[in-house]
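First the structure, in the form of structure tokens, and then the observations on it.
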Amino acid sequence: MLSLALGMCIAGAAWAADPGSLRISITGADGQPVAGATVRVSSPDSLVSKSGVTGDDGTVRLQGLDPATNYTVVISAAGYEDYTASNVAVVSGRNLSLGYSLGGGGRTAGDATTLDAIVVTGASLAAIDTTSATVGTTLTLQMVESLPTGRSYQSYLQLVPGVKPSPGGNPSSKSGVNYSDIGGASGSSSDNVYLIDGVDVTDNNTGTFGSNFNSEIIQEQQVITGGVPAEYAGGSGLISKVITKSGSDEWHGSVNYYLQNDNLVAKDKHGESSGFSTYDTAFTLGGPIVKEKLWFFASYQKKYREDDVLDPTTRTAMRTVESDARYAFFKTTWQITENDRLVATFFNDPTDISGSRNATTLNNRDVAREQGGDNYKLEYSRDWGNLLLNVYGFTHEGELSDIPAVQDQSRNDVAYFNSPASLAERQQGGGGTALITERNRDEFGLSLEYFLDTAFGTHTIKGGVSYSENEYFEDSIITGPDRARYASIAAANAGVSFADFIGPGWSGTRSISSSDVSRLLSDTGRVGNSTAADRAYFISALDTNGDGEVSQAELYAYQFTSTAGNPTGQVNNYRIIEAAAAPYTVKSKGKTFYLQDTWTKDQWTVNAGVRAEEWTHYDSKGGESAKFDWEFAPRLSVVYDIFGDARSKLFGFYGRYYDPIRTNMADFAGNLTGPELHEQIYIGDRWLTYRVRGGEKTPDALFAPSTKTPYTDEFMVGVSHTIGTDMSLSVTFTRRTTKDILEDYDLALYSDPTVERGDHGVAGPGSPTFYLPYSYFGYDGAPNSNYVIATLAGGKREYQGLEITLQKFKSNNWQGMLSYTYNDAHGNTNSDSNADFQGDWLAIDPRAPNMWGRQPGNIEHQFKAFGSYEFDFGLELSAVFNWNSGLIYSRSQLISGRYLPVMGDEYEYDGVFDTWVLPGSIGAETGPSYYTLDVRAKYVKPLQVGQLEFFVDVFNILNKQSATSHMALVDGNGVYNFGEANDWVEPRRAYLGVRYSF
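The opening position of the sequence shown corresponds to residue 398 in the numbering used here, with each subsequent residue numbered one higher.
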């Protein structure tokens, strides 16, 4: 039995260096298996070589192979001359099958002396792993460097079938959420997992990527989009797994320089951009410290960009924005013995950005950003033949801090009633909050892999455990002379009533809505630093009938008229003021384990596994704020090798993916020692506090005892087939359902047993659709908090999709891929482990009328294609084409910075009066369809030592500056009206580069 070789695994996330394997079958000219043949594989990019002997069935399985596309396979069989095949590919985590036939007509040295099959990289990549139902794409260094792409691992994701466009580099895939109510942002998913050499660099607060590095150090990038096995966390979004280069006994290195400026860019037809320049330079170097024992690989990259930003209305220059990023990387590998390896890795990515390149960000709202951090990993692996051990530990540090450009003025968002207003009129005052945050992660783990060959088939058994600790640190200060952020009414609209203010017809943002009515009536003048006199004043100002109480009708009749002390002379309505400020830290700690078995018998393979996770959250005083007990996520797949030749497979998969609560919720429920903020409404001649955010006296939020971990169930079926020697065709159908979605609740709106049927904006026992007794949240009575974090009643998302991919892997000088993806996504919530407005407003409750619809952010149809051809004289030409049918969006209004669905006048539904969502609001609109075509020309000039490469990338070569999105706000945003194009494909631009490598 072949011994298992060196492998590296990360129990908490995935295999770290994640070796691959080859299953090689050898037959004679008579078609019968050849036993006793010796097979040896090696690569200059791999630190170890492997060999084995074919068994009675003519096959040998070589495992523990480092990912590379330049393996050499040497086959020796009695009676035949040795045969060598070069450029064989090994892919991490995959068990590829290859076949070789012995030439001649017999089985003796006299009549058979050659091997007929020659396997090249394309053929080995096209080989199907008939033991796996995992769906994804392997991006090799050779592939991405031959195509016109952005120079980052995030940009490479756009080559993957079904991955949606993402300007920020966090794309959605399949059922992954692609939209946020906050700012109406699309093209950013918080469901992905990002791994770099096994280091989980996913931001523990936002769920987006948390680290950058030089893309030229990538050896391989695997992107998994479905059928995720138990060894991986995540699954509802994509999993990006990058494996970097290592040193070897040969010296290799490179130095490059890329540039672009406005002379290489076509005229912007929409006036969105002006002059800019950018350059990108890097070096890499790898080689032996001690030959055959100790190696290193290092890289450093500097990326600089400068942009002139124009005012979207006047087209005059507003500011110049500079971005300066530095990416360092260093890895050492010590092969202690033939069976023991120790690897140490360091990388970091400090970045300074002086402001926003977004033209709709005015100078008074501009912020400078500092981001990046250090990453360290140490791992040890041991090979006992048929048993592999890996032990690892890593630290990920990430800073993300925003500092407003204007700090001496208070921020003031102004709303206008039934009148147009410019962006400058709506966004007055300064930048708001200065925010310093750190998002850190420590993890330690151990994993084992055991290979067992029995009379009833082979078993590859994997298991692992890990311990993780996430930390979120924040230090924030509201800027401005009075340490407050305002949301005001335009002076021209002085005298509007409260009822008018919460109704339709407004442009600009509002921070008070009908959902606040019950709290305003109950708590105004009673919380924070309020006094009895404040409450008495509130009652005296509104109690027009003199009964000593303020009714809803009396509140609705109140008129806002005062401009006293307003920072920009508008009518006072709402502000949030900083009563105290202090830095604080919250944490979460997790334990995970997984166990899976890949059982192959003849043409059948069953993968059965389970992943379990337990997470505990801690507040800023170190106390336990929530504990989510062990959740078990089963994963099961069945794969059938249709013809028994490892060229076709039929597969089915079921799996559950849990989405552990991020530190943003630990922050929401754990800020006991940080800033204390008072929300206030202006009544009469003074500001009165109606809600306190943060602090220990009345916590802003608590985790409800009954809260469950959100999950997604996936069902998938598919078929794959190898065409010829270097092409593959795959078709998959996927169905997903996401439930137990997380949100925050205002229990005063949902759980007060004294509320009577027919009340406004609140549900009582007489409203069975919406009323949630305290017991639903695990309480006997009202808890002492503003909100509780709980499972969103009735919240659900459903997805089904079809994906067809035809890929020609590189051979005979060319490669290409075609893919089509159909996405059908419906639901009644966009919540994704965050605290948004659902649960705080009955009108947008998932069970409310008109809330079910097409999922905003989804793109129903996508078509992708790429290809390249390499001429014999050193020139390579390539192109990438992408088309999509347009982004789905809702008809929206702006409330507290959120794009919420449009509502009408109040009416009664299930015993509750509210401003319910209008029909035809949720997912009712589709943005423009558009396509892009990018091309690259690369020329390689061999030198006596090394080679020179010259690059020219031309993005949007047809200069189709097509619209990519529409304004979703029915009242516009002061620059664009509803339904107007508000973003476009960038003008045609060339990118030049040169690289020397050896």
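Note that the Cβ used here is the ideal one computed from N, Cα and C, for glycine as well.
Note that the structure is predicted; figures quoted are calculated from it, not measured.
Whether residue i touches residue j by CB criterion (8 Å)
{"i": "G455", "j": "T424", "result": "yes"}
{"i": "G684", "j": "Q1259", "result": "no"}
{"i": "S587", "j": "D442", "result": "no"}
{"i": "D839", "j": "E866", "result": "yes"}
{"i": "S904", "j": "A818", "result": "yes"}
{"i": "N1227", "j": "D578", "result": "yes"}
{"i": "A1240", "j": "S1287", "result": "no"}
{"i": "T1131", "j": "G1198", "result": "yes"}
{"i": "I1354", "j": "T1323", "result": "no"}
{"i": "Y1171", "j": "D1177", "result": "yes"}
{"i": "Y1087", "j": "T1312", "result": "no"}
{"i": "R1244", "j": "T1166", "result": "yes"}
{"i": "R762", "j": "L797", "result": "no"}
Through-space distance from residue j to residue i, alpha-carbon basis
{"i": "D508", "j": "S440", "result": "In this predicted model, D508 has a pLDDT of only 36, less than 50, meaning its place in the structure is not dependable; the value taken from the coordinates is given anyway. Rounded to the nearest angstrom, the two C-alpha atoms are 32 Å apart."}
{"i": "S418", "j": "Y697", "result": "31 Å"}
{"i": "E868", "j": "V445", "result": "38 Å"}
{"i": "T505", "j": "T535", "result": "The predicted model places T505 with a pLDDT of 37, which falls under 50 and marks its position as unreliable, so this point remains unresolved."}
{"i": "L1366", "j": "S1293", "result": "13 Å"}
{"i": "D1056", "j": "A1023", "result": "16 Å"}
{"i": "F743", "j": "V1036", "result": "39 Å"}
{"i": "E1011", "j": "L1099", "result": "19 Å"}
{"i": "A978", "j": "T830", "result": "12 Å"}
{"i": "E1383", "j": "N1356", "result": "8 Å"}
{"i": "G634", "j": "V590", "result": "7 Å"}
{"i": "W1211", "j": "D999", "result": "35 Å"}
{"i": "V1314", "j": "Y1306", "result": "11 Å"}
{"i": "T605", "j": "P562", "result": "15 Å"}
{"i": "T537", "j": "V639", "result": "10 Å"}
{"i": "A1066", "j": "V1337", "result": "57 Å"}
{"i": "F1270", "j": "E1195", "result": "52 Å"}
{"i": "E542", "j": "A695", "result": "19 Å"}
{"i": "E617", "j": "G672", "result": "35 Å"}
{"i": "A1222", "j": "L592", "result": "27 Å"}
{"i": "I515", "j": "T469", "result": "Reliability of the predicted coordinates at I515 is poor, the pLDDT of 35 falling under 50, and the value obtained from them is presented with this limitation in mind. Rounded to whole angstroms, I515 to T469 spans 11 Å at the Cα level."}
{"i": "Q1252", "j": "Y1147", "result": "25 Å"}
{"i": "K700", "j": "Y654", "result": "10 Å"}
Element boundaries [beta strand (DSSP E), containing residue i]
{"i": "V620", "result": "615-623"}
{"i": "R420", "result": "417-424"}
{"i": "M540", "result": "Run containing M540: none in the beta strand (DSSP E); it sits in the alpha helix (DSSP H), 538-541."}
{"i": "N653", "result": "649-658"}
{"i": "S440", "result": "It is not in any beta strand (DSSP E) - S440 carries neither H nor E in the DSSP assignment."}
{"i": "N787", "result": "784-793"}
{"i": "T527", "result": "T527 -> no beta strand (DSSP E), and no H or E assigned at all."}
Assumed close pair residue i, residue j - CB separation to whole angstroms, cut-off 8 Å
{"i": "F990", "j": "V862", "result": "4 Å"}
{"i": "Y773", "j": "D746", "result": "No, Y773 and D746 are not in contact; Cβ-Cβ is about 13 Å, not under 8 Å."}
{"i": "G565", "j": "G584", "result": "7 Å"}
{"i": "S751", "j": "A765", "result": "5 Å"}
{"i": "P1107", "j": "D1137", "result": "5 Å"}
{"i": "R1032", "j": "G1052", "result": "4 Å"}
{"i": "G631", "j": "T531", "result": "Between T531 and G631 the Cβ distance is about 13 Å, and since that is not below 8 Å, they are no contact."}
{"i": "G1371", "j": "R823", "result": "5 Å"}
{"i": "N1247", "j": "P1316", "result": "5 Å"}
{"i": "N1279", "j": "Q555", "result": "7 Å"}
Span of the alpha helix (DSSP H) around residue i
{"i": "L820", "result": "820-823"}
{"i": "D931", "result": "929-939"}
{"i": "Q551", "result": "550-553"}
{"i": "D897", "result": "895-898"}
{"i": "R916", "result": "914-920"}
{"i": "T734", "result": "Looking at the DSSP string, T734 is not in any alpha helix (DSSP H); the run it does join, the beta strand (DSSP E), is 714-734."}
{"i": "G1067", "result": "1060-1067"}
Sequence ranges, alpha helix (DSSP H) only - wholly within the region 1078-1158, length at least 4: 1144-1147
Completely contained beta strand (DSSP E) runs for the region 946-1020, where each covers 3 or more residues: 968-977, 981-998, 1001-1015
Residue ranges of each beta strand (DSSP E) within the region 799-882, 3 or longer: 808-814, 830-851, 854-875
Those runs of the beta strand (DSSP E) which lie wholly inside the region 1202-1257 and span at least 3 residues: 1211-1224
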